[in-house]
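Positions in the sequence shown are counted from 1; adding 271 to them yields our numbering. Using N, Cα and C, we set each Cβ at its ideal position, and we do this for glycine too. Note that this is a predicted model, so its numbers are computed, not measured. First the structure, in the form of structure tokens, and then the observations on it.
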Amino acid sequence: NTDDSLTAQGEPVRLEELPDGSYQGYIEVGGTKTPVFSITLDTPALGQYQFTLLEALDHTGANNDSLTFTLPVYAVDSDGDRS
Numbered sequence: 272n273t274d275d276s277l278t279a280q281g282e283p284v285r286l287e288e289l290p291d292g293s294y295q296g297y298i299e300v301g302g303t304k305t306p307v308f309s310i311t312l313d314t315p316a317l318g319q320y321q322f323t324l325l326e327a328l329d330h331t332g333a334n335n336d337s338l339t340f341t342l343p344v345y346a347v348d349s350d351g352d353r354s
């Protein structure tokens, strides 16, 4: 979300890796992090993942229940080359 286009409660969503290897999208308000979604790679070798929405993401339009955004995934080999 380098362009701050993905927001929740009007705040840009940031992504961080957690100690268990999962990822968390969060917003920060007044110095407090609020988790918005989590991403867990279930079987990295097979490319499977689980996305869990924890808070509403902002999107425009009345009665618009659909939001599309991209979550880039990169593989890094043993010498640091990214795919």
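*The beta strand (DSSP E) enclosing Thr323, as first and last residue numbers*: 319 to 324
*From the DSSP output, read off the bridge partner residues of Val347.*
Arg353
*For Leu277, which beta-bridge partners are listed by DSSP?*
Answer is none; Leu277 lacks a bridge partner.
*Can you check DSSP and say which residues form a bridge with Val300?*
Its beta-bridge partners are Thr303.
*State buried or exposed for Gln295, treating a residue as buried only when at least 16 other CB atoms are found within 10 Å of its CB.*
Around the beta-carbon of Gln295, 16 or more other beta-carbon atoms lie within 10 Å, marking it buried.
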